[in-house]
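Note sheet for the following structure.
Residue numbers (this note's numbering): 440 to 669.
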């Protein structure tokens, strides 16, 4: 039996006012789904369980997301940045290195500020790697790969290599790895040195350090290239 979407309320004086009830319901569904999909996987998580956790009904999933697959896709897009913005920024030929690195690490900082929600996202991503539905490959092609290639082009310009070679890809992966470590292992950091992520100021300090570290390894690679060609 097909479940119907919730009926639209009659137009009253109150209904003409801006309301956030629908947005809040949709957000609760997304947060519950991110947590449950990450804990149990796509196949073992039912829409009924998600709706119950979100304090709503199963029909709301159809109303906002179409079906379970649509909800799962939306979990991966939840509060995500547009990769095209970072790609366009990194492609600017005259952009100073430190500014380019600030732009690149912007998404990492965004997720670091979100604390527990980011940990739920990481579990979702890892679950998709362990029990692939095909969505992760789409994420790689849609966002991860284009941003990686833009980062490779950017560091290649600053190192002085054209076209980019394997060394530049290794360098880009190393830079990404620093950001991923800071974003994805919050539970480890909080167990070892909790003050590093305890406040927004601490997160910003780590973000500034990421730029310093990335700038340093780019300088090392540039010096290595100069020694080879001397």
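Cβ coordinates follow ideal geometry from the N, Cα and C atoms, glycine included.
Could you check whether the segment 541–548 touches the segment 647–656, counting it as contact only if at least three pairs of C-beta atoms, one from each stretch, sit closer than 8 Å? Three or more beta-carbon pairs separated by less than 8 Å link the segment 541–548 to the segment 647–656, which places the two stretches in contact.
Taking only the alpha-carbon atoms, compute the straight-line gap between residue 631 and residue 642 and give it to the nearest angstrom. Looking up residue 631 in the chain shown gives position 192. Looking up residue 642 in the chain shown gives position 203. Rounded to whole angstroms, residue 631 to residue 642 spans 16 Å at the Cα level.
In the structure shown, what three-state DSSP assignment does residue 531 receive? What you label residue 531 is simply residue 92 of the chain shown in a count that begins at 1. In this structure, residue 531 counts as coil in the three-state DSSP scheme.
Quick one, are the C-beta atoms of residue 591 and residue 607 less than 7 Å apart? Counting from one through the chain shown, the residue named residue 591 turns up at place 152. Counting from one through the chain shown, the residue named residue 607 turns up at place 168. Yes. Within cutoff.
Can you name, in chain order, every residue of its own chain whose Cβ lies under 8 Å from the Cβ of residue 654, other than the five neighbours on each side? For the purposes of this step, residue 654 is identified with residue 215 of the chain shown, where counting begins at 1. Only 536, 537, 540 meet the Cβ criterion.
Use the C-beta contact count for residue 485: other C-beta atoms within 10 angstroms, 16 or more gives buried, fewer gives exposed. The sequence position of residue 485 within the chain shown is 46, counting from 1. Residue burial annotation: residue 485 is exposed, with fewer than 16 other C-beta atoms found within 10 angstroms of its C-beta.
Quick one: Cα of residue 656 to Cα of residue 588, how far? For the purposes of this step, residue 656 is taken as the residue at position 217 of the chain shown. For the purposes of this step, residue 588 is taken as the residue at position 149 of the chain shown. Residue 656 and residue 588: Cα-Cα distance of roughly 18 Å.
Rounded straight-line distance, which links the Cα of residue 565 to that of residue 451: If you number the chain shown from 1, residue 451 lands on position 12. If you number the chain shown from 1, residue 565 lands on position 126. Low confidence applies to residue 451: its pLDDT is 38, below 50, so where it sits in the model is not reliable enough to give any reading.
Cβ neighbour criterion (16 or more within 10 Å) applied to residue 568: One-based indexing of the chain shown puts residue 568 at position 129. Answer is exposed; the Cβ neighbour count stays below 16.
When you compare only the Cα positions, how much space is there between residue 668 and residue 601? Taking the first residue of the chain shown as 1, we reach residue 668 at position 229. Taking the first residue of the chain shown as 1, we reach residue 601 at position 162. Rounded to whole angstroms, residue 668 to residue 601 spans 14 Å at the Cα level.
On the criterion of 16 or more Cβ atoms from any shown chain inside 10 Å, does residue 558 qualify as buried, or is it exposed? Counting from 1 along the chain shown, the entry for residue 558 is found at position 119. Residue 558 should be labelled buried.
Given residue 598, which residues of its chain have a CB within under 8 Å of its CB, disregarding the five upstream and five downstream residues? Along the chain shown, read from residue 1 onward, the residue named residue 598 stands at position 159. Around residue 598: 607, 610, 657, 660, 661, 664.
With a threshold of 7 Å between beta carbons, is residue 564 in contact with chain C? Protein chain content of the structure displayed is limited to a single chain, and chain C is not contained in it.
Just to confirm, is the Cβ distance from residue 563 to residue 476 under 7 Å? Taking the chain shown and counting its residues from 1, the one referred to as residue 563 is at position 124. Taking the chain shown and counting its residues from 1, the one referred to as residue 476 is at position 37. Yes.
Uninterrupted alpha helix (DSSP H) stretches inside the segment 468–539 (no shorter than 4 residues): Entirely contained in the segment 468–539, the alpha helix (DSSP H) runs reaching 4 residues are, in chain order, 486–493, 497–504, 507–516, 522–529.
If you reduce the DSSP assignment to three classes, tell me which class residue 637 lands in. Within the chain shown, numbered from 1, the residue matching residue 637 stands at position 198. The answer is coil: DSSP assigns residue 637 none of H, G, I, E or B.
State the Cα-Cα distance for the pair residue 509 and residue 468, rounded to the nearest angstrom. In the chain shown, the residue the question calls residue 509 occupies position 70. In the chain shown, the residue the question calls residue 468 occupies position 29. Cα to Cα, residue 509 sits roughly 12 Å from residue 468.
Can you check which of these residues, 593, 513, 639, 577, is closest to residue 533 by C-alpha distance? Taking the chain shown and counting its residues from 1, one reaches residue 533 at position 94. The option with the nearest alpha carbon to residue 533 is 593.
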